[in-house]
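Below is one structure, written out as structure tokens; comments come after it.
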Amino acid sequence: MPSQFTLWAVALLAALLVGCSTIQPDFEKAVQDDTIPAYEAYITKYEPDPQATPFVAKSRTRIRELRFGQVEAKDTVPAYQAFISAYKETPEATEQITLSENRIRELHFESTQQQDSIAAYRKFLQQYESTNPDSPEVQTATVRIHELTAEKLKQASELRTEKLKQIFAQAKQKNSAASLRLFTAKYRKVPEAQPFIRQAKVLIAELQLEDVEKHYAQAKRQNTSKGYRGFITRYRIKAHAKPRIDDAEQALEQLQFDAAKFEALKNESALRKNPIIVWKTYLKKHRNDSRFKQHVEFAEIRIAAYTTLYFHPNGKKRYVGQLEGDRFHGQGVLFTATGKVAYAGEFQNGYKHGSGQERWDNGRVRYKGKFTKNQHQGKGSLFWENGRPQYEGLFAKGKYHGKGTLFWEAGRPHLQGKWRLGQPQGQMTVYTNAG
Numbered sequence: 001m002p003s004q005f006t007l008w009a010v011a012l013l014a015a016l017l018v019g020c021s022t023i024q025p026d027f028e029k030a031v032q033d034d035t036i037p038a039y040e041a042y043i044t045k046y047e048p049d050p051q052a053t054p055f056v057a058k059s060r061t062r063i064r065e066l067r068f069g070q071v072e073a074k075d076t077v078p079a080y081q082a083f084i085s086a087y088k089e090t091p092e093a094t095e096q097i098t099l100s101e102n103r104i105r106e107l108h109f110e111s112t113q114q115q116d117s118i119a120a121y122r123k124f125l126q127q128y129e130s131t132n133p134d135s136p137e138v139q140t141a142t143v144r145i146h147e148l149t150a151e152k153l154k155q156a157s158e159l160r161t162e163k164l165k166q167i168f169a170q171a172k173q174k175n176s177a178a179s180l181r182l183f184t185a186k187y188r189k190v191p192e193a194q195p196f197i198r199q200a201k202v203l204i205a206e207l208q209l210e211d212v213e214k215h216y217a218q219a220k221r222q223n224t225s226k227g228y229r230g231f232i233t234r235y236r237i238k239a240h241a242k243p244r245i246d247d248a249e250q251a252l253e254q255l256q257f258d259a260a261k262f263e264a265l266k267n268e269s270a271l272r273k274n275p276i277i278v279w280k281t282y283l284k285k286h287r288n289d290s291r292f293k294q295h296v297e298f299a300e301i302r303i304a305a306y307t308t309l310y311f312h313p314n315g316k317k318r319y320v321g322q323l324e325g326d327r328f329h330g331q332g333v334l335f336t337a338t339g340k341v342a343y344a345g346e347f348q349n350g351y352k353h354g355s356g357q358e359r360w361d362n363g364r365v366r367y368k369g370k371f372t373k374n375q376h377q378g379k380g381s382l383f384w385e386n387g388r389p390q391y392e393g394l395f396a397k398g399k400y401h402g403k404g405t406l407f408w409e410a411g412r413p414h415l416q417g418k419w420r421l422g423q424p425q426g427q428m429t430v431y432t433n434a435g
């Protein structure tokens, strides 16, 4: 007769055999149902059984897939966030979590696009730019911020333009140079006002033109130095009067040249000092005006006949250095009529030739480098009157030629590259005045 232990062992073995016989069939039934409750019921029933471990794992995987499918069907931020929260500690869910995070970013971006505002895009970038800088959404948001900013600036500019248009119309309606000048002064720094300011200046010139013509005709009838000087003094700073100012200056110069020529010839044989003073007075007024070049040259030739090569007509030294055949040749220094150094360096046959320096009236270097027959040639540097560099590089025939850098007056680079006779060639590097 079997013992009690034997009976217990037989019963246990029978139970195990029954359990083993249902593990796979029950899993197949759950697969057939393919629902979360079916898989969860299977896990609850068989999770303690080691022999069911593979099927339990498959059940969990399928539950995760079904839940992710539900999340995708809802396609909402809260749904994806809930999925991530549930499976963030599950290594097997890494891909689905990544998909969820990407979709959350896409949904946030879609919402941002609907708002389509600078604030919304900035908020989106604040959330995602550091973690996903290369994502299409981040790049698109960045571009859109620039576009919206440009649109906003454009709209503001258009509003300002319309307002200025109304104000200018009111000023123009008054038909007064004073009202137009007031508009110009008030809005001179407003970019949108520049077209109106240009119109205002034209209108001001037109309003004053009649007065200009009247006074010029009066000076012309008088045909005296006093009459022309009075006209020039009255209208010198008026841009609209420039053509008549030019006419008056030429007429005045002709009167003064004729008078100087007469006085010089009258006193030439009696006393040489008088002609020098006469022509010196003339040149002081007209030396730097290219319109009177021939008269100036005549006066200079006459003065040269009464003075030495070393001195200016006012008696101040003109040149100190070496000569050859009555021409500047070798090392020397040229001075202005006020006694300031104008050039120091090498000469050849009367020309600046070789190494040398030109200087501004304030004593600072204007150009330092090579010369050929008075022109900048080869390597050299130009400087602004404030002492900062204006151009550094190569020259030919007195112009930028070859590699060189042009600088702003503040000393910062402006254009860098190759030049040809003063003109940029090929690709240039451009710098703003702010650096």
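Sequential numbering of the sequence shown, starting at 1, is according to this note's numbering. Quick reminder that beta carbons are idealized off the backbone N, C-alpha and C, glycines included. Nothing here was measured: the structure is a model prediction, and the numbers come from that model.
CA-to-CA distance, residue j to residue i, given in whole angstroms
{"i": "I277", "j": "W419", "result": "46 Å"}
{"i": "Y367", "j": "V143", "result": "47 Å"}
{"i": "Q423", "j": "V430", "result": "14 Å"}
{"i": "K220", "j": "Q208", "result": "19 Å"}
{"i": "S290", "j": "F298", "result": "13 Å"}
{"i": "K316", "j": "S225", "result": "30 Å"}
{"i": "K58", "j": "L153", "result": "59 Å"}
{"i": "R60", "j": "A73", "result": "20 Å"}
{"i": "P195", "j": "Y400", "result": "34 Å"}
{"i": "G402", "j": "T338", "result": "36 Å"}
{"i": "I118", "j": "N102", "result": "22 Å"}
Residue i, buried or exposed, once every other Cβ within 10 Å from all chains shown has been counted against 16
{"i": "G426", "result": "exposed"}
{"i": "Q254", "result": "exposed"}
{"i": "E213", "result": "exposed"}
{"i": "V138", "result": "buried"}
{"i": "N433", "result": "exposed"}
{"i": "V190", "result": "exposed"}
{"i": "A11", "result": "Note that A11 scores a pLDDT of 39, beneath 50, so its modelled location is shaky and nothing firm can be said."}
{"i": "S130", "result": "exposed"}
{"i": "S381", "result": "buried"}
{"i": "E206", "result": "exposed"}
Neighbourhood of residue i by C-beta distance below 7 Å, restricted to the same chain and skipping five residues each side
{"i": "G404", "result": "Y391, E392, G393, L394, W419"}
{"i": "A120", "result": "T112"}
{"i": "Q157", "result": "Position check: residue 157 holds Ser in this sequence, whereas Gln was assumed. Taken in chain order, the residues that qualify are E192."}
Distance cut-off 6 Å: residue i Cβ against heavy atoms of the ligand GDP
{"i": "A52", "result": "You won't find the ligand GDP in this model; it holds no ligand whatsoever."}
Integer-rounded CB distance, given that residue j should sit under 8 Å from residue i
{"i": "F436", "j": "Y282", "result": "This structure cannot settle anything about residue 436, because the visible part of the chain is limited to 1 through 435."}
{"i": "L441", "j": "L203", "result": "Residue 441 is absent from the model: the chain starts at 1 and stops at 435."}
{"i": "F83", "j": "R62", "result": "Not really, about 15 Å apart at Cβ, beyond 8 Å."}
{"i": "Y228", "j": "A251", "result": "6 Å"}
{"i": "I301", "j": "P313", "result": "Actually they are not in contact, since the Cβ atoms of I301 and P313 sit about 12 Å apart, beyond 8 Å."}
{"i": "E249", "j": "I232", "result": "6 Å"}
{"i": "L415", "j": "A396", "result": "Actually they do not touch by this definition, with Cβ atoms about 17 Å apart."}
{"i": "Y39", "j": "D26", "result": "Rounded, the Cβ-Cβ distance is 11 Å, inconsistent with contact."}
{"i": "L164", "j": "Y187", "result": "7 Å"}
Beta-carbon contacts of residue i that lie in its chain and below 6 Å, excluding the five residues immediately before and after
{"i": "S100", "result": "Y80, F83, I84"}
{"i": "L334", "result": "Y319, A342, Y343"}
Contacts around residue i, its chain only, beta-carbon distance under 8 Å, and the 5 residues preceding and following it disregarded
{"i": "R64", "result": "Y87, T90, E92, A93, Q96"}
{"i": "F371", "result": "G345, E346, Y351, K352, H353, G354, S355, G356, Q377"}
{"i": "T161", "result": "E192"}
According to DSSP, residues forming a beta bridge with residue i
{"i": "V333", "result": "V320, A344"}
{"i": "Y484", "result": "The question about residue 484 has no answer, for the chain in this structure spans 1 to 435."}
{"i": "Q375", "result": "T372"}
{"i": "A169", "result": "A169 pairs with nothing; no bridge assigned."}
{"i": "W419", "result": "G402, P424"}
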